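Comments concern the structure below.
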Amino acid sequence: MIPALQVLVLSTTYQPLYMVGVQKAITLLYLGKAVSVQDSEREIRSPSIVMRVPQAIRLLAKVVARRALDSLKPTRSAIFKRDKQQCQYCSGKTNLTIDHVVPRSRGGLDTWDNLVTACVRCNNRKGDRTPQEAQMTLLVAPPRTPRAIELAYELWGRLLGW
Ligand SMILES: [Zn+2]
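Structural data, given as structure tokens:
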């Protein structure tokens with residue numbers, strides 16, 4: 001049984017970064033990505049292990065350096081996740097694709113604020129135009145760049161295969 005606690009995550013240089021759930025903290029410990037810097041009194045028991053629940057862990061690799069986060073390229077699945085699996089033009093939830101708000105042919109980049117989830121129909125209708133030209137309205141404009149903690153989760157997910 002894993003208690004619903006939060007664990008403080010410290011950077012390699014002992015700066016507090018954010019809190020994560022116990023399960024994620026323990027996964028990081030087991031994978032050798034972090035070490036416990038302070039254990040709590042609570043224990044986790046399974047048939048094969050007894051371990052103290054950490055109160056704080058320190059990352060061993062600089063996996064969450066802000067620069068790394070800022071340069072994290074959006075993937076298709078990350079854009080879908082941010083947009084809650086919803087077309088950002090019609091709210092539809094089927095036949096989803098990725099749309100460049102400013103089309104690539106017009107200099108639009110593969111950035112968080114230029115990529116949105118769009119259904120095939122809306123993507124085709126929009127074509128090689130901007131939303132204004134196509135008279136289509138984005139649900140969220142401009143598309144959101146994830147916060148640092150979201151980027152950190154995203155990065156961990158990619159590193160650890162979550
Ligand atoms: Zn749509």
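Residue numbers 1 to 162, in this note's numbering, belong to the letters of the sequence shown in order. Even for Gly, the Cβ is constructed at its ideal location relative to N, Cα and C. Fair warning: this is a prediction, and the values are worked out from it, not measured in the lab.
(1) If you reduce the DSSP assignment to three classes, tell me which class residue 30 lands in.
(2) Relative to ligand 1, is the shortest distance from any of its heavy atoms to the C-beta of residue 121 smaller than 7 Å?
(3) Would the region 132-139 and the region 106-115 be scored as touching if the rule is three or more Cβ pairs under 8 Å?
(4) Hey, is the region 51-59 in contact with the region 89-98, meaning 3+ C-beta pairs nearer than 8 Å?
(5) Might you give, ordered along the chain, the residues of its own chain that have their beta carbon closer than 7 Å to the beta carbon of residue 5, omitting 5 neighbours on each side?
(6) Would you list the residues sitting across from residue 97 in a DSSP beta bridge?
(7) Which word fits residue 31, buried or exposed, when buried means at least 16 other C-beta atoms lie within 10 angstroms of its C-beta?
(8) Does the Cβ-Cβ distance between residue 116 and residue 149 come in under 8 Å?
(9) On the DSSP letters alone, give me the boundaries of the alpha helix (DSSP H) that residue 147 sits inside.
(10) Roughly how many whole angstroms lie between the Cα atoms of residue 120 and residue 7?
(11) Using the Cα positions of residue 2 and residue 124, report the straight-line distance between them to the nearest angstrom.
According to the data block:
(1) On the sequence shown, position 30 is the one that residue 30 refers to. Helix at residue 30.
(2) As a working note, residue 121 is residue 121 in the sequence shown. Yes.
(3) no
(4) no
(5) In the sequence shown, the residue the question calls residue 5 occupies position 5. For residue 5, where only same-chain residues beyond five positions count, the Cβ hits under 7 Å are 22 and 53.
(6) On the sequence shown, position 97 is the one that residue 97 refers to. Answer is 118, bridged to residue 97.
(7) Within the sequence shown, numbered from 1, the residue matching residue 31 stands at position 31. Residue 31 should be labelled exposed.
(8) In the sequence shown, counting from the first residue as 1, residue 116 sits at position 116. In the sequence shown, counting from the first residue as 1, residue 149 sits at position 149. Not closer than 8 Å, so no.
(9) Walking along the sequence shown from the start, residue 147 turns up at place 147. Segment: none, residue 147 is in no alpha helix (DSSP H) and carries neither H nor E.
(10) Mapped onto the sequence shown, residue 120 falls at position 120. Mapped onto the sequence shown, residue 7 falls at position 7. Each residue's Cα considered, the two are about 42 Å apart.
(11) Mapped onto the sequence shown, residue 2 falls at position 2. Mapped onto the sequence shown, residue 124 falls at position 124. With a pLDDT of 47 at residue 2, under the threshold of 50, the predicted position of this residue should be treated as unreliable, and no value is reported.
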